[in-house]
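All remarks here apply to the structure that follows.
Residue numbers (our numbering), protein chains in the order written: chain A, 1 to 209; chain B, 210 to 418; chain C, 419 to 627; chain D, 628 to 836.
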C-alpha cells in the first residue's frame, strides 16, 4: 500500500462489468407477466403483451444505451494505466448513475408519453455522458494514460467524447421542446459548443502532428 | 487504441458470464412463495406448490436452455482471436435476447397452455440460435479465428451450428401446428434446409481434407 | 477446439462465482419492507420487524449454507485439471439447484413451522450435497485431477465429502420425524452408511500409504 | 490441497466483487415506479417522484456507503497474501452483512423519520466497520500479510481502520440521542476510545520507525 492512493484496474473493472451485467438484466424485471382473467386465451395474452409494447421497446432501447456506455467506458479505461482517487470517485459516481438507469428505464417504459419520465431519463443520460468525458479529461490531466497511447489517439478519443456530448444535446432537443423554448436554445447552444470543441481538438491534433 | 476497432475477449466474456449468471438466477424470482390462509397447514402448502409445478418445470427447462446457450457461446468464442465491431454488435444483441429470456420463461411458466406464451418463447429461442450461427459465420468471414484452429474444426463447428438451427425448427413444429398449417410447412422446410446445409458442410469438409 | 470435449476451468468458475454471488444477494429480496399504517411509529416498525424474525433468521442460515457450498465446491475444483462433458453437466445441475435455493429459503422463512417448506428445503440441500460428492467421484474416475494432488489428499477429500453426506442425513432426522418413522430409519441408516464409507476411505488411505 | 486450509485470493475476490456489484444494483429495486391515476399527467408523476425523494436520497447515500466499504475492503485485501480459515469466515460474515444492506437501505428509504429504521441501519453499518477492523487485525496476528508491506504501512492501515470506527461512533450519536442519553454516552466514549487507539498506533508507528 503506497502513500499515494491508487487502485488496480482489474478489480475496479470486475465491479464495473458486474454492475453493467446486472443493470442490463434488471431492466427486464420491469416487464411484468400480465394477469389474465382467462389464462388459456391466447388473444387476451397477446392483447396484454401489446399493451406492454412500450415497456418492451424501452427495454431494448435502454439495453442498447447501456451497451453503448459499457463499450465507451471500456475503450476509455483501456488507455489508462491506473486509477487514482479522483478517477476512482468519478468511476463510482458513473456506476451509481448506471445502477439508477433501470429505474429511469422502468419509468419511461411505464409512462412513455409522460414528460416527467423523460425529465428523469434524459438528464440521467446526459450526466452519464458528461461524466465519461470528464473521466477521460481527468485521466489526461493527471497523466495516468498508458505510455503506448499516442497523442493523436488521445485527441481522437477527446473528439469522440465531445461529439458524444454534442449528439446527446441535439438528441434532447425534442424533450426540451416540450418543456420550454429556452431549454431548446440551451440544448442547441451546448450541442454547437461541443461540436466546436470537438473540431478544435481535431485541428490541434493535426497541428501537433 | 488502434484505428481499427477491436475489443479484448476477456472483458466481453466477463460481461457475458455475468449476464448469464444473472439471467439464470433471475429465472427463480418468478416462482413466487404462495400465500396461504393457514400458514401451518402443510397440505395447503403442498397443494399450492403443486399448482406451481408448471412454473418450477419451466424454471428447470429454461435453466437448461440457458446452460446450453452458454456452453455453445463459450465454445464458439474459444475459436475467436478478437472481437471487431460487427462481432461485438452481434454479441450484444445476443446478450439482449438472453436478458429477455427470463421474461419469456416467466410467461411460459405462468401460462403453460397459452399459445401466445409459446409465440414469445419459441421465436426468442430461434433468434438466439440463429444469432449464434451468424456470429460464427461472421467470425470466419472476417478472419478473426485463432490460427491454431484447423479448417476441419471450423467445418465441424459450422455443421454443429447448422444442426442446432435444424433441431430448433423441427422442435418448433408442435407450436406451429397450433397456429396454422402454413407455419408447420415453413418450419419443416427450414429444418430440412439446415440439415442439408450441415450435410453440405460435412462433404466440403471431407473434400478439403 | 479438440475432438474430445473439454472446458477451461476459468470460464466455468466465473459463472459459478457469479451464480453464488447472485443467489446469496437474492436471498435478501425475500425480506420485504413491512407496510405500516403509521410510518412514524417506531414501535409499530419494530413489532413488524419482530414478525419478520424468522425470515431474517432464515436469510442468515441460508447464506451460511450457500457459503459452505461455495467453499466446498471451490476446494473440490482446485484439485481438478479440466472439465469434460459429464463434469460440466454435473456442475450445471449443481448450479440449477443453487439458483433454486433462494426460493426454498424464502419458503422456509415465510412458513418456518410448515412441514412442506422443510420438505422442499431439506431434499434440495441433500441433492446439492450428493451432487458435490458425485462430482468429485466422477473427477477421480475420469482421471481429471491435477497431477500434484497426492492420493492421500484425494482420500481425505473423499472422506470429507462422505462425512458431509452423513452429517446431512443425521441433520434431516428431525424433519423425517415429522413425516413418518420409516423416513427416520432411512435417514439414520444412510447416515451410518456414509460414516462407514468415510471410515473405509480412511483405512484404505492409510493402507495405501 | 494442503493440510492447512487456505483459499486463493482471486476466487474469493470474484465473489466479493460480484456480491458488491449486485448489492449496489439491488438498491435501486426498492425505488418503485409510482402508480398514477392519469398516466399522461407529468405534474402527477413529478409529485409522485417528489414523494419518493427520500427513497432516491437513501439510494445514493447507501450506494456511497457500499462504495466506501468496497474500496476499504479492497485496500485491506491488497496487503494480504492468502486467506486462512478465520479470515475466510470473517470475509463471508462481512459479505452476509453487505448482502443484508439493501434491506436496511430500503427500510430507511421507506421510513426516513422512523427511529426503528435507523436502529437497523446504524448497527448494521457499525458491524461492517468493526468486522473490517477485526479482519485486518486477524490478518496481522496470523502473519498473512504480503512481505513487501512495510510495518509503517501496517500501522497506517490500522490507524485508518480505528479512525473509521471512531467516525462511525461519532456519526451514530444523533441516532443514540433519539433512544436514550445512556447510548449517547456509550457512543461518545467508544468514539474517543478508538481515536485514542488510533493515536496510540500513530505513536507506536513513529517509535518503531
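Virtual Cβ for every residue (Gly too), placed ideally from N, Cα, C.
With H, G and I counted as helix, E and B as strand and the rest as coil, what does DSSP make of residue i?
i, result
"residue 423 of chain C", "coil"
"residue 617 of chain C", "helix"
"residue 60 of chain A", "helix"
"residue 40 of chain A", "coil"
"residue 470 of chain C", "coil"
"residue 150 of chain A", "coil"
"residue 239 of chain A", "Any answer about residue 239 of chain A is impossible in this case: the structure gives chain A only from 1 up to 209."
"residue 220 of chain B", "helix"
"residue 643 of chain D", "helix"
For a quick check, are the C-beta atoms of residue i and residue j less than 8 Å apart?
i, j, result
"residue 657 of chain D", "residue 682 of chain D", "yes"
"residue 437 of chain B", "residue 308 of chain B", "Nothing in the structure corresponds to residue 437 of chain B, since chain B is present only between 210 and 418."
"residue 798 of chain D", "residue 728 of chain D", "no"
"residue 648 of chain D", "residue 119 of chain A", "no"
"residue 811 of chain D", "residue 803 of chain D", "yes"
"residue 198 of chain A", "residue 166 of chain A", "yes"
"residue 104 of chain A", "residue 127 of chain A", "no"
"residue 524 of chain C", "residue 272 of chain B", "no"
"residue 110 of chain A", "residue 660 of chain D", "yes"
"residue 367 of chain B", "residue 345 of chain B", "yes"
"residue 533 of chain C", "residue 251 of chain B", "yes"
"residue 25 of chain A", "residue 235 of chain B", "yes"
Taking 6 Å as the limit between beta carbons, can you name the residues of its chain near residue i, skipping five residues before and five after?
i, result
"residue 215 of chain B", "291, 293"
"residue 435 of chain C", "none"
"residue 735 of chain D", "685, 744, 748"
"residue 169 of chain A", "187, 190, 191"
"residue 530 of chain C", "472"
"residue 618 of chain C", "none"
"residue 338 of chain B", "373, 374, 377"
"residue 427 of chain C", "none"
Beta-carbon within less than 8 Å of residue i's beta-carbon, same chain only, minus the 5 sequence neighbours each way: which residues are those?
i, result
"residue 761 of chain D", "717"
"residue 462 of chain C", "454, 455, 456"
"residue 132 of chain A", "69, 72, 73, 76, 94, 161, 164"
"residue 781 of chain D", "706, 767, 772"
"residue 255 of chain B", "none"
"residue 260 of chain B", "243"
"residue 66 of chain A", "20, 23, 24, 27, 98, 101"
Excluding the five sequence neighbours on either side, which residues of its own chain have a C-beta within less than 7 Å of the C-beta of residue i, listed in chain order?
i, result
"residue 11 of chain A", "none"
"residue 556 of chain C", "504, 505, 508"
"residue 562 of chain C", "498, 499, 500, 502, 505"
"residue 675 of chain D", "661, 663"
With a cut-off of 8 Å, does the C-beta of residue i fall near any C-beta of chain F?
i, result
"residue 683 of chain D", "Reference to chain F is not applicable here, since the protein chains of this structure are A, B, C and D."
Unbroken alpha helix (DSSP H) runs of length 4 or more, entirely within the stretch 572–612 of chain C: which are they? 591–597
Counting only runs that start and end within the stretch 691–775 of chain D, where is the alpha helix (DSSP H) found for 4 or more residues in a row? 712–737, 742–768
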